[in-house]
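Have a look at the structure below before the remarks.
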Amino acid sequence: MEVRQMATAYLLNEDKVLMLKRLGSRLHDEAFWSGLGGHLEPEELSHPKEACIREVYEESGIQGSDIVDLELKYILHRIKNSEIRLQYVYFGKTDMVDLAACDEGELIWVPKKELLHLTMSRINSFMLEHYLTSPPSQHIMVGTITLNKLGKPLMQWSELKDPLIF
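Residues 9 to 174 (the working numbering) make up the sequence shown, in order.
Spelled out as structure tokens, the structure:
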């Protein structure tokens, strides 16, 4: 098994979220939506927030100093073939609305109420649904996507807490 680590940011400006409409990828041929982000570089494996800030800058031109309250809210797990994928998901705020052109797709400020109607990966759809419908938590939420007894995608959630034991 190999492990792939990614960092993603969802940046808010009033009632809108900055989303990237990707034109396809090696995993999915059709256009789909995501937050800003990508894979961690080897030197970033212990610093996913730095990777997240780097990816935001590369994809939008927004610098880390233009983002406030950037916090890790979710760690998402999934298995894909012989690969375990870990995605660190951050939420923050920015006043920057003038964005650089993005080589990976089109950057669009999407109203929160429209997010769940966008075509996106199931794991990110589950995560955004949780974010939008659950009371705010002080804890990082860990989500694992799996299948229920009928073979349908199911997201399992737990709060990441230090159990204070050995």
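The beta-carbon is built from N, C-alpha and C at its ideal position, and this holds for glycine as well. A quick note: this is a predicted structure, and the numbers were derived from the prediction, not measured.
Whole angstroms are fine: how far does the CA of P144 sit from the CA of H125? 22 Å
Whole-angstrom distance between M128 and W41, CA atom to CA atom: 5 Å
Using only CA atoms, which one of V118, T152, W117, K121 lies nearest to F134? T152
Can the beta-carbon of E112 be found closer than 8 Å to that of R12? no
Taking the alpha-carbon positions, what's the T154 to I87 distance? 9 Å
Considering E167, what are the terminal residues of the alpha helix (DSSP H) in which it resides? Note, E167: premise wrong, no alpha helix (DSSP H); beta strand (DSSP E) at 161-168.
So the candidates are Y96, L158, N89, S90; which of them puts its Cα closest to the Cα of I61? Y96
Quick one: using the 10 Å Cβ neighbour count with 16 as the cut-off for buried, is L168 buried or exposed? exposed
N-terminal and C-terminal residue of the beta strand (DSSP E) that H85 is part of: 75-88
Let's see if you can read the secondary structure: which residues bound the alpha helix (DSSP H) around M135? 130-141
Note down the Cα distance separating M14 from L48, rounded to an integer number of angstroms. 5 Å
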